[in-house]
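Read the structure below first, then the notes.
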Amino acid sequence: MTSTWFGKFNFLLKCAAVFVAHFGFVGSVAAQEVTFRSENDAVTVVGRFVAFDGENVSVASDVGFVTFRADEMICDGANCPDFENYVPTLRLTGAARMGDLLLPALIDVFARDNGLNARQNVRGFQLRRSDGTIALEISIMIEAQEQAFSTFVNHEADALISMRELRDGELVIAADAGLGQLNLARHARILALDALVPVVSAGSDVRSISMADLTAELAGSGGQFEVHLQTDTEGQIQGFEDRFMRPFGLQMGQPSVSHDNLVSLLAAVAEGVDRLSLVPFGATQNTQPLALDGACGLQAEARFVTMKTEDYPLTFPMFIYLPQRRQHPQVVDFLDWLRSPSAQLVIRRAGFVDLAAVPIPLANQGDRLANAIANAGTEIPLVELQRMVRLLSPRVRMSSTFRFEPGSTRLDGQSRSNVMQLAQAIRDGRFGGRELMLVGFSDGRGPAAANRDLSSARAEAVLRDLSRALGGAFPENVQVETEAFGEALPMACDETIWGQQTNRRVELWVRDIP
């Protein structure tokens with residue numbers, strides 16, 4: 086049978102797969118191939134229909150991923166999509182903590198904010214208009230990290246929801262599959278923040294642990310604790326291993342006891358004073374969370390603010406990875422809404438850390454100021470600290486903080502998201518009449534003067550990234566400048582790599598324009 090692009094369309098076959106998830110989805114059905122050809126038959130494309138953005142159709146073919154204008158081709162076959170009555174669809178696959186706990190709440194509130202009615206069915210969620218027509222379908226399949234990535238690169242999902250950053254090898258595979266550069270901020274969007282927290286029994290006398298001791302225990306060479314871990318289907322433990330173990334020649338050992346679920350894990354840890362685990366932030370329950378300590382006496386604790394500022398090193402962004410192709414306007418509306426104040430409130434209520442910047446007055450930063458004064462000396466004289474306090478005291482620090490990838494001038498994933506979030510807030514007028522100061526800091530390795538120059542260069546780099554995100558110009562009612570204080574205000578001990586990374590940062594301080 087032959088039809089134009091506006092022929093009949095079998096809805097169940099428009100997706101690459103019908104998702105099976107905790108929501109009771111029906112079994113997976115492989116989408117059948119269709120043939121697209123130009124009117125003069127000069128061009129023919131045979132493949133699996135993947136997506137339609139309102140103007141262009143995307144197809145996974147034997148020669149690769151192909152996108153072309155829908156109005157320039159004709160479709161042959163019984164499974165040709167009906168674009169006149171096309172229902173935009175966003176197919177998500179990945180982590181249960183995102184797909185089960187967070188996204189359903191976000192979808193429901195998005196629907197209410199936009200005058201839609203969210204209905205759950207075997208495919209996921211249908212968002213209907215008041216007249217009963219479907220504005221958007223969102224399906225969610227819960228899969229382990231490796232399987233979800235495979236589903237994504239095979240174009241059987243439109244987005245990957247991941248509790249860890251993709252590895253270099255995975256980025257190459259995704260690029261080869263036609264998904265584009267997934268390490269760019271517009272393709273690696275951060276939905277929220279989570280963290281891993283080392284915990285012991287509430288009956289234990291231990292209250293802190295060094296990163297060296299923690300990684301040794303997890304590698305199986307510590308010997309002080311019996312290690313209990315949950316089976317890592319989410320990929321968070323992999324993310325910990327990637328950042329804090331593999332760069333130092335370590336890898337995760339076999340835990341003393343492996344648990345299928347968090348409930349049994351927490352119960353086991355609570356029962357023995359010699360048991361240690363890593364659990365998600367907000368899931369510590371009746372265990373004792375441990376601070377991360379350093380040789381210099383500074384500690385890092387998992388708290389709402391320290392995760393927002395990335396001062397707690399075991400903070401892990403929750404990613405939505407999007408392919409390098411245009412999305413349907415209805416899908417774009419949903420993805421853009423995820424950065425809205427309404428979405429941030431949903432994220433907080435779900436027990437995660439949202440991306441909205443919150444103020445941190447100088448008066449609430451006594452510990453780090455006291456440490457800076459205690460360590461003042463010949464390289465960082467007291468007069469420089471006094472200058473810093475005079476400059477910052479009329480201002481309020483915002484939680485948006487910017488850090489860089491190890492050994493690089495490129496912002497890390499959370500910081501790239503912070504730039505986009507800050508740019509959006511500026512566009513929305515939330516910083517109208519304000520003066521923004523990007524203040525650079527460094528670790529204490531090397532001469533103080535050189536460190537001040539490095540911190541100044543980092544502040545200027547963030548300013549350039551922010552300017553680019555705003556199209557090269559700031560609104561007239563917003564002023565932005567940079568300042569730098571080098572190693573004057575450490576957040577962690579320089580004896581460790583993670584401490585050095587924590588100290589190399591650019592902070593955002595604001596005040597009303599004088």
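For the sequence shown, my numbering gives the first residue as 86, with consecutive numbering after it.
We put the CB at the ideal spot given by N, CA and C, even for glycine.
Looking only at its chain, what residues have a beta carbon closer than 8 Å to the beta carbon of residue i, apart from the 5 residues adjacent to it on each side?
{"i": "Q564", "result": "R519, E520, L521, I598"}
{"i": "S293", "result": "L375, A376, L377, D378, Q384"}
{"i": "G162", "result": "M86, Q117, E118, V119, T120"}
{"i": "A287", "result": "A355, N371, T372, Q373"}
{"i": "G517", "result": "P560, N562, V563"}
Can you check DSSP and say which residues form a bridge with residue i?
{"i": "W594", "result": "R482, M522"}
{"i": "F134", "result": "V144"}
{"i": "D378", "result": "S295, Q384"}
{"i": "M403", "result": "A277"}
{"i": "I227", "result": "G179"}
{"i": "T316", "result": "According to DSSP, T316 bridges with nothing at all."}
{"i": "R453", "result": "BP columns for R453 are empty, so no partner."}
Could you tell me if residue i is buried or exposed, where buried requires 16 or more neighbouring beta carbons within 10 angstroms of its beta carbon?
{"i": "L507", "result": "buried"}
{"i": "F487", "result": "buried"}
{"i": "D550", "result": "buried"}
{"i": "G92", "result": "Its pLDDT being 31, under 50, G92 is placed unreliably in this model, and the value from its coordinates should be taken loosely. When all chains shown are included, G92 counts as buried."}
{"i": "L186", "result": "exposed"}
{"i": "S500", "result": "buried"}
{"i": "S143", "result": "buried"}
{"i": "S484", "result": "buried"}
{"i": "L467", "result": "exposed"}
{"i": "R475", "result": "exposed"}
{"i": "D579", "result": "buried"}
{"i": "G382", "result": "exposed"}
{"i": "A554", "result": "buried"}
{"i": "V438", "result": "buried"}
{"i": "T300", "result": "buried"}
Within the same chain, show all residues whose beta-carbon is closer than 7 Å to that of residue i, passing over the 5 residues directly before and after it, in chain order.
{"i": "L256", "result": "L267, N268"}
{"i": "R590", "result": "T486, F487, R488, F526"}
{"i": "D317", "result": "Q323"}
{"i": "P426", "result": "A441"}
{"i": "E157", "result": "S123"}
{"i": "L470", "result": "A457, I458, A461, A573"}
{"i": "A435", "result": "L186, L187, A190"}
{"i": "N141", "result": "T152, F153, R154, A155, R411"}
{"i": "I405", "result": "A244, I246, R274, L276"}
{"i": "Q211", "result": "R204, I219, E222"}
Kindly indicate if chain C contains any beta-carbon less than 8 Å away from that of residue i.
{"i": "V474", "result": "Looking at the structure shown, chain C is missing, and only one protein chain is on hand."}
Would you grab the beta carbon distance between residue i and residue j for me? Rounded to a whole angstrom, and I think it's under 8 Å.
{"i": "D261", "j": "L175", "result": "Incorrect: roughly 24 Å between the Cβ atoms, too far for contact."}
{"i": "A229", "j": "M403", "result": "Contact flag wrong, Cβ pair sits at about 16 Å."}
{"i": "R482", "j": "L593", "result": "7 Å"}
{"i": "M392", "j": "F366", "result": "7 Å"}
{"i": "Q339", "j": "A304", "result": "Actually they are not in contact, since the Cβ atoms of Q339 and A304 sit about 10 Å apart, beyond 8 Å."}
So, for residue i: in the same chain, excluding its five sequence neighbours on each side, which residues have a beta-carbon less than 6 Å away from its beta-carbon?
{"i": "V342", "result": "H313"}
{"i": "A569", "result": "G525, R537, S540, S541, A544"}
{"i": "T567", "result": "L523, A544, E545, L548"}
{"i": "L177", "result": "I225, A244, I246"}
{"i": "V285", "result": "V291, L361, Q373"}
Answer yes if the segment 136-152 comes into contact with the segment 403-413, meaning at least three C-beta pairs across the two stretches below 8 Å, and no otherwise. yes
Evaluate contact between the segment 310-329 and the segment 346-362, counting only Cβ atoms and requiring at least three cross-stretch pairs below 8 Å. yes
Answer yes if the segment 231-242 comes into contact with the segment 324-339, meaning at least three C-beta pairs across the two stretches below 8 Å, and no otherwise. no
Does the segment 420-437 come close enough to the segment 180-192 to have 3 or more Cβ pairs within less than 8 Å? yes
Tell me, please, whether the segment 281-293 touches the segment 243-252 by the rule of three or more beta-carbon pairs shorter than 8 Å. no
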